[in-house]
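In UniProt numbering, the protein residues as written are 1 to 87.
All C-beta atoms, glycine included, are put in the ideal place defined by N, C-alpha and C.
No experiment lies behind these values; they were computed from the predicted model shown.
Worksheet: one structure, shown below.
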């Protein structure tokens, strides 16, 4: 068992991949989206609204979604005693 443990340690030292790749194997797609987003910002091609109002653009849309119960699943959470609370 000790030799297997030693081999496992040596194997982890010899692997050329970073340890984060063991947990997140889909990192290429994430990086390409971020890089393309930054490139569009650098070329000044990002779509920006002429006038942005947080209250009317975000909160009004959120309240409309709550009226049709799309965001209903966000209203529940678990208590430490084991029950479920509802907003």
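What's the gap between the Cα of residue i and the Cα of residue j?
i          : j          : result
residue 40 : residue 52 : 20 Å
residue 67 : residue 55 : 17 Å
residue 43 : residue 57 : 26 Å
residue 49 : residue 78 : 39 Å
residue 45 : residue 80 : 48 Å
residue 83 : residue 61 : 31 Å
residue 47 : residue 63 : 24 Å
residue 59 : residue 37 : 25 Å
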